[in-house]
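Input: a single structure, listed below in structure tokens.
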Amino acid sequence: MFNRLRRLRINPKLRAMVQETHLKIDDFVYPLFVKFGENIRTEIKSMPDVFQLSIDEVIRECEELVNLGINSVIIFGIPETKDSVGSDALCDSGIVARAVREIKKYYPNMFVITDLCFCEYTDHGHCGILDHKHETVDNDSTLEISAQQVLVHARAGADMIAPSGMMDGIIETLRTTLDKNGFYNLPIMSYSTKFASGYYGPFRDVAESTPTFGDRRSYQMNPANRREAIEESLFDDQQNADILMVKPALAYLDIVRDIRERTLKPLAVYNVSGEYSMLKMAGKMGLIDYERVLIETMISFKRAGADIIISYHTKEIAKLIKEGKI
Ligand code: PBG
Ligand code: ZN
2 MFNRLRRLRI NPKLRAMVQE THLKIDDFVY PLFVKFGENI RTEIKSMPDV
52 FQLSIDEVIR ECEELVNLGI NSVIIFGIPE TKDSVGSDAL CDSGIVARAV
102 REIKKYYPNM FVITDLCFCE YTDHGHCGIL DHKHETVDND STLEISAQQV
152 LVHARAGADM IAPSGMMDGI IETLRTTLDK NGFYNLPIMS YSTKFASGYY
202 GPFRDVAEST PTFGDRRSYQ MNPANRREAI EESLFDDQQN ADILMVKPAL
252 AYLDIVRDIR ERTLKPLAVY NVSGEYSMLK MAGKMGLIDY ERVLIETMIS
302 FKRAGADIII SYHTKEIAKL IKEGKI
């Protein structure tokens, strides 16, 4: 018995020639956590090698990124003070606005994406303004302040806006606001299908954004729902989002494929904090061949249909590419 496909596998040159899925550094976006203050580079226990950085350290970090060939970042802010409406996110001297201005000043070619949400800036840790009973997020008043936030990001010089709060109508609101104010060339990457997930745990330590009460299940999605997951992304597609996203990535590759087959838009995945920490810890404990599993995992995202991968592993991937291991 001879399997025809073996003829394509035996010679390594030919094996490379028929490889269907590839990783390149331009597929990747590196998340940065910008903290108020100076000289801060704090590693968070639940995410080894991921740091809260003050703006001066962010600039230092960008130099390292550029040297590795990484030209795309997504920014999360950790402000000095939080309040009920997330005021820091609404003013031009807030942490994200200042970080974007500094990065663009020193690294004008860095593609800077801003995460647009309120959970890092509100004292209650929810992704928007609370309703009058203070029980859950009020969708429409959150849309109003999101329109203010997007202009703060746009004026600071962001290259793309990434709303992550899963508010209904957010894409239409942001698109209209940007267009009206002359920012019609500024793209929106929507966190269009975002599940209520335990995999965000380590992120909330780093971003200091754990809700003080309740959870995010009223606005984030039920992991058990496949049709709803597709519908959520298609809503944002119809509202003219430029790029769609599935988050988390690894436990939701079926959804990535489902959405890939139903839209013509580019699709991103967010390889989230819990996915990162699991792999990292298993590697540190010597339980797995870390580099091999890392590459295999990243390949699985692209094979499922993702064009863009947001990942804390981006620097490691860049090094592997430089070393010729990818
Ligand atoms: C904010 C936001 C979250 C993540 C990205 N943007 C957290 C959340 O919804 O709690 C998670 C990213 C990660 O876990 O790496 N809305
Ligand atoms: Zn949020």
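Just add 1 to wherever you are in the sequence shown, counting from 1, and you've got my numbering. Note that CB positions come from ideal geometry on N, CA and C, so glycine has one too.
- Counting along the chain, the unbroken beta strand (DSSP E) around K36 starts and ends at F29 to K36.
- Linking G38 to R258 through their CA atoms gives a straight-line distance of about 42 Å.
- Around the beta-carbon of P109, fewer than 16 other beta-carbon atoms lie within 10 Å, marking it exposed.
- Between Y271 and I311, the gap from beta carbon to beta carbon is short of 8 Å.
- Taking the Cα positions, G199 is about 20 Å away from A269.
- In the DSSP assignment, S312 falls within the unbroken beta strand (DSSP E) covering I309 to S312.
- The DSSP-derived three-state label of D124 is coil.
- Around the Cβ of L117, a 10 Å sphere holds 16 or more other Cβ atoms; the residue is buried.
- For R218, the CB stays at least 7 Å from every heavy atom of the ligand PBG.
- V19 counts as exposed, since fewer than 16 other C-beta atoms from the protein chains shown sit within 10 angstroms of its C-beta.
- K195 is not a Cβ neighbour of S219, given a cutoff of 8 Å.
- Per DSSP, the continuous beta strand (DSSP E) segment holding Q53 begins and ends at M48 to L54.
- The Cβ neighbour count for M286, taken over all protein chains shown within 10 Å, is under 16; the residue is labelled exposed.
- At least one heavy atom of the ligand ZN lies closer than 7 Å to the C-beta of G166.
- With the rule of 3 Cβ pairs closer than 8 Å, the segment 240 to 250 does not count as touching the segment 137 to 149.
- Closer than 7 Å to some heavy atom of the ligand PBG: that does not describe the Cβ of G95.
- At a cut-off of 7 Å, the beta-carbon of F214 does not count as near the ligand ZN: no heavy atom of the ligand is closer than that.
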